[in-house]
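Quick note: the sequence shown uses the numbering used here, first residue 1317, plus one each step. Here's the structure we're looking at; comments come further down.
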Amino acid sequence: MNNRRLDPFQGWRLIFFQAAVVFSLIVLVLRTAELQFARGEEFAGDAEENRLQIGLQPAPRGAILDRYGVALAKNDPAYNVSITPAGLPDDPADVLEVYNRVSALVDVPATRAVADAAGRTTERSLDEMVREGEGIAPYRAVIVAQDVPYQAMAQILEQSELLPGVSVQVASVREYPTGALTAHLVGYLGPIGPEEELELRELGYDPAFDRIGYDGIERFFEEQLAGKRGTETWVVDVAGQRIRLVDEEKRQAGYTIQLTLDVELQKAAQEALIQRLNTVNTDAGQVITQQGVVIAMNPQNGEILAMVSWPPYDNSRFARNIDVDYYNNILGDPLRPLVNHAIGALYPPGSVWKLITATAVVQEKVIDPRDTLYCPGRLTLPNAFAPRDESRDQTFVCWFKNPGHESVDLLKGIAQSCDVYFYQVGGGNPEVDAGTLRAGGLGIFDLYRWATAFGIGSELGVELPGELAGRMPESQWKRRNYGESWSTGDTYNAAFGQGYVTVTPLQLLTAVSAMANGGTLYQPTIIQNLQDANGNIQQDFEPRIARTIVPQPGQDVVLLLQEDMILKGEDSLACRCEEDSEWYDPARCNPDTYTAQHDFDPNVEDEVRNLIQYRVNVPFNYNFNAGVCNELEFRSLTLNQDRSYTPPFATTETLSWIQQG
């Protein structure tokens, strides 16, 4: 008889063991199923990549042309050097030998140790770039050097047997033939910054080597200019040699953008501006200004024919690589040459603003344009809280203080830029009979309504980055920003373009263009069309109407001015041409003074009169002839048969303040 005692837990152990075995088998089966079915395509893709080579085809960037086809930005051929990780030798010593040979030809450190030893700590080595590429796609070529010299390219091809995995691709680099002349409009290319790297990588950019637009048209139309890069997928053998092409996605070249700009007019406008700056500084006996703007616009469609902002910067120094020293110098320059002052800087509008006020005055019937107001050279405004305390009176002076303009109607007020006339029609004068001048004058409400209708205080939408909106103040604005009520004195200042009013030069020119064309406010444009690589127009930019203000706004004002110019010629200008003329206009503001003039230039295009704004910035207390015969000056921009322009006053300057710095 067997007396061995049975273990009551023995059965449970067996059951537990069997359950563990079954569980393990289930896990194994599920894992196998996952690898086979759920992730089968993923691993198949990995296996496919091990025998495929994917090559990228950079898309040619579109050119930028002026209205007559002159290249402002184009591509020149260049050579890039690439290394395919899978094509390198198996022996690390042989790989290092390849790196050393390539390094000697393209001046890129072979390894991290070499870079550190040479003090080139911020540069990536060949070894680092190739290792990074190998971890992503070993059969994809990694660009290790761009825009290498022709001699280096030729030597790499000659030594191809000693450089396995190394190849040369033909690429392109940006060139800016017109350089500083059109830099503010064209812009330049620069490296992709860390803040944009992730977004642009998803769009197909290579942050390590691709460049993007940083200003002007290059930035505003980055997507259209850049195009779309293509890819080629090749089957390769174990040595990395291509066997056959299995897939191809064709690249799409970027659009060529044709501007409305006339580069010859741009040259003439810049020369005229430099001459005016030189004249102002010469007359002052010292450098008092180095800033100015010239804009030429067709008022019938809003096309910009010239836009000069001084001082400029030279974008050709950024064409291949950013010149860091030069960039830092202009970045810290107090004159802000990187800013397009035509759209990216704000100024008190000065005397030309009186055309806007005059238009509003005529339309609102504030005064009959033929009725006169008296200008004694100043206007005294009693203090609203102490009207009998003359010590608290506020005096608003006219630039022509002694003896004043005396009897002034609307036309004379504009032609001679009478401040006192515009104080009265803008904010009223209780001493003038209400039958002659509306009580309270135009008032800030109506002035604001008309000024904003002309585009003041909002961006115009020109196809350039960095446009500012400017400011057209009113009572609520002052309350929000200063905690004060709007005063009659504020209206006086606003009526002649001073005080809190600020505009861009382009805003002012666009407003005057609307007056000149009969009331259509066009959205200013610098773009004529977009073309494909074959020169076929893909998109035309038609004139865009921002708004129609009223039928024939200010027609009386414009027609009177035109008639006066035709009948009187140079004597009708706010600033007469004679050196001994009594009519000159310093157009005060503080702390700086800014003056502007607008004129018609019949020579820009046949049967089209184009408005030109000419602005020179001068410090406070320097009085000079603001207009200096701008009409005659720009009419002397003779259009030659070769589409060049003969600039005004084409004489050798013995003293060139601007060009000497």
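For each residue, glycine too, the CB sits at the ideal point set by N, CA and C.
Can you pull the DSSP bridge partners for Trp1802? As a first step, residue 1802 is located in the sequence shown; it is residue number 486 there, counting from the start. None; Trp1802 has no bridge partner.
Own chain partners of Gln1616 with C-beta closer than 6 Å, once the 5 adjacent residues on each side are dropped: Taking the sequence shown and counting its residues from 1, one reaches residue 1616 at position 300. Scanning its chain for C-beta atoms nearer than 6 Å, with the 5 sequence neighbours on each side dropped, one finds around Gln1616 the residues Asn1833, in chain order.
According to the neighbour-count rule (16 or more other Cβ atoms, all chains shown, within 10 Å of its Cβ), is Asp1560 buried or exposed? Here residue 1560 is taken as the residue at index 244 of the sequence shown, counted from 1. Residue identity differs from the one stated: residue 1560 is Arg in this sequence, not Asp. Burial call: exposed.
Could you give the DSSP three-state label for Asp1735: helix, strand or coil? Your numbering for residue 1735 matches position 419 in the sequence shown. DSSP places Asp1735 in helix when its eight states are reduced to three.
Determine whether the beta carbon atoms of Asp1735 and Thr1688 lie at a separation below 8 Å. The residue labelled residue 1735 in the question sits at position 419 within the sequence shown. The residue labelled residue 1688 in the question sits at position 372 within the sequence shown. The answer is no: Cβ separation not under 8 Å.
Secondary structure, beta strand (DSSP E): runs of 3+ residues fully inside the stretch 1511 to 1581: Here the runs fully enclosed are 1527 to 1529, 1546 to 1552, 1558 to 1565 and 1572 to 1575.
Given 8 Å as the limit, is there contact between the stretch 1650 to 1662 and the stretch 1851 to 1862, that is, 3 or more CB pairs closer than that? Between the stretch 1650 to 1662 and the stretch 1851 to 1862 there are fewer than three C-beta pairs closer than 8 Å, too few to call the two in contact.
Give me, in chain order, the residues of the same chain whose beta-carbon lies closer than 7 Å to that of Leu1647; leave out the 5 immediate sequence neighbours on both sides. Here residue 1647 corresponds to residue number 331 of the sequence shown, with the count starting at 1. Excluding residues within five positions, the ones whose Cβ falls inside 7 Å are Leu1654.
Is DSSP giving Tyr1395 helix, strand or coil here? Along the sequence shown, one-based indexing puts residue 1395 at 79. Correct three-state label for Tyr1395: strand.
Look up Ala1457 in the DSSP assignment and say whether it is helix, strand or coil. Taking the sequence shown and counting its residues from 1, the one referred to as residue 1457 is at position 141. Coil at Ala1457, not helix or strand.
So the candidates are Gly1756, Pro1401, Gly1815 and Ile1672; which of them puts its Cα closest to the Cα of Ile1712? Residue 1712 sits at position 396 when you count from the first residue of the sequence shown. The sequence shown places Phe at residue 1712, not Ile. Nearest option by C-alpha distance: Gly1815.
Spatial distance of Glu1722 from Gly1693 (CA atoms): Looking up residue 1722 in the sequence shown gives position 406. Looking up residue 1693 in the sequence shown gives position 377. Their backbone Cα atoms lie some 8 Å apart in a straight line.
DSSP bridge partner residues for Ile1861 (one or two, in chain order): Numbered from its first residue, the sequence shown carries residue 1861 at position 545. Its beta-bridge partners are Tyr1838.
Run through DSSP, which three-state label would Ser1774 get? Start at 1 with the first residue of the sequence shown, and residue 1774 comes out as number 458. Three-state DSSP puts Ser1774 in coil, outside helix and strand.
Would you say Glu1779 and Ile1843 are within 8 Å of each other, going by their C-beta atoms? Here the question's residue 1779 lines up with position 463 in the sequence shown. Here the question's residue 1843 lines up with position 527 in the sequence shown. Cβ distance < 8 Å, so Glu1779 and Ile1843 count as in contact.
Just how far apart, CA to CA, sit Ser1829 and Gly1771? Start at 1 with the first residue of the sequence shown, and residue 1829 comes out as number 513. Start at 1 with the first residue of the sequence shown, and residue 1771 comes out as number 455. Taking the straight line joining both Cα atoms gives about 11 Å.
Run of the beta strand (DSSP E) containing Phe1634, from where it starts to where it stops: Locating residue 1634 in the sequence shown gives position 318, counting from the first residue. Taken as a continuous stretch (DSSP letters only), Phe1634 belongs to no beta strand (DSSP E), as it is neither H nor E.
Given this structure, state the Cα-to-Cα distance separating Leu1575 from Glu1775, to the nearest angstrom. For the purposes of this step, residue 1575 is taken as residue 259 along the sequence shown, with counting starting at 1. For the purposes of this step, residue 1775 is taken as residue 459 along the sequence shown, with counting starting at 1. Leu1575 and Glu1775: Cα-Cα distance of roughly 20 Å.
So, is Pro1465 buried or exposed, given that buried needs 16 or more other C-beta atoms within 10 angstroms? The count along the sequence shown starts at 1 and reaches residue 1465 at position 149. Exposed, because fewer than 16 other Cβ atoms sit within 10 Å of the Cβ of Pro1465.
Using a Cβ-Cβ cutoff of less than 7 Å, which residues in the same chain neighbour Ala1635 once the five nearest sequence positions on both sides are dropped? For the purposes of this step, residue 1635 is identified with residue 319 of the sequence shown, where counting begins at 1. Taken in chain order, the residues that qualify are Val1489, Arg1490, Glu1491 and Tyr1492.
Excluding the 5 residues flanking Glu1680 on each side, which residues of the same chain have their C-beta closer than 7 Å to its C-beta? As a first step, residue 1680 must be located in the sequence shown, where it is residue number 364. For Glu1680, where only same-chain residues beyond five positions count, the Cβ hits under 7 Å are Leu1758 and Asp1762.
DSSP state of Trp1793 mapped onto helix, strand, coil: Position 477 of the sequence shown, counted from the first residue, corresponds to residue 1793. The answer is helix: DSSP assigns Trp1793 an H, G or I state.
Span separating the alpha-carbon of Ile1331 from that of Ser1340: The residue you call residue 1331 lines up with position 15 of the sequence shown. The residue you call residue 1340 lines up with position 24 of the sequence shown. About 14 Å.
Would Gln1568 and Gly1532 qualify as a contact pair, given that the criterion is a beta-carbon distance under 8 Å? Taking the sequence shown and counting its residues from 1, the one referred to as residue 1568 is at position 252. Taking the sequence shown and counting its residues from 1, the one referred to as residue 1532 is at position 216. The Cβ-Cβ distance between Gln1568 and Gly1532 does not fall below 8 Å.
Note the first and the last residue of the continuous beta strand (DSSP E) segment covering Phe1712. Translated into the one-based positions of the sequence shown, residue 1712 becomes position 396. Phe1712 -> beta strand (DSSP E) spans Gln1710 to Val1713.
Report the rounded CA-to-CA distance for Arg1765 versus Gly1506, giving the unit in angstroms. As a working mapping, residue 1765 is identified with position 449 in the sequence shown. As a working mapping, residue 1506 is identified with position 190 in the sequence shown. Answer to the nearest angstrom: the Cα atoms are 42 Å apart.
Thinking C-beta only, is Leu1589 closer than 8 Å to Ala1612? As a first step, residue 1612 must be located in the sequence shown, where it is residue number 296. As a first step, residue 1589 must be located in the sequence shown, where it is residue number 273. No, the Cβ-Cβ distance between Ala1612 and Leu1589 is not below 8 Å.
How many Å lie between Ala1674 and Ala1810 at the Cα? Numbered from 1 along the sequence shown, position 358 holds the residue referred to as residue 1674. Numbered from 1 along the sequence shown, position 494 holds the residue referred to as residue 1810. Using only the alpha carbons, I get a separation of about 12 Å.
Assign Leu1372 to one of three DSSP states: helix, strand, or coil. On the sequence shown, position 56 is the one that residue 1372 refers to. In this structure, Leu1372 counts as strand in the three-state DSSP scheme.
Would you tell me roughly how many angstroms separate the C-alpha atoms of Ser1632 and Val1624, rounded to the nearest one? As a first step, residue 1632 is located in the sequence shown; it is residue number 316 there, counting from the start. As a first step, residue 1624 is located in the sequence shown; it is residue number 308 there, counting from the start. Their Cα atoms are separated by approximately 17 Å.
May I have a chain-ordered list of the alpha helix (DSSP H) segments no shorter than 4 residues that lie completely inside the stretch 1655 to 1731? 1657 to 1660, 1670 to 1679 and 1726 to 1731
Write down the C-beta distance between Pro1401 and Val1460 rounded to the nearest angstrom, noting that I regard them as a contact closer than 8 Å. Numbered from 1 along the sequence shown, position 85 holds the residue referred to as residue 1401. Numbered from 1 along the sequence shown, position 144 holds the residue referred to as residue 1460. In fact, because the Cβ distance is near 11 Å, the residues do not count as touching under 8 Å.
Sort Val1677, Pro1746, Val1678 and Ala1468 by Cα distance to Pro1703 and report the nearest one. Numbered from 1 along the sequence shown, position 387 holds the residue referred to as residue 1703. Residue Pro1746 is the option with its Cα nearest to Pro1703.
How many angstroms separate the CA atom of Ala1468 from the CA atom of Ala1487? Reading the sequence shown from its first residue, position 152 is the one you call residue 1468. Reading the sequence shown from its first residue, position 171 is the one you call residue 1487. Each residue's alpha carbon lies about 15 Å from the other.
Can you tell me which of Asp1423, Glu1439 and Pro1376 puts its alpha carbon nearest to the alpha carbon of Val1397? Numbered from 1 along the sequence shown, position 81 holds the residue referred to as residue 1397. Cα-wise, what sits closest to Val1397 is Asp1423.
Burial state of Thr1820 (16 or more Cβ within 10 Å): Here residue 1820 refers to the residue found at position 504 when the sequence shown is read from its first residue. Within 10 angstroms of the beta-carbon of Thr1820 lie 16 or more other beta-carbons, which makes it buried.
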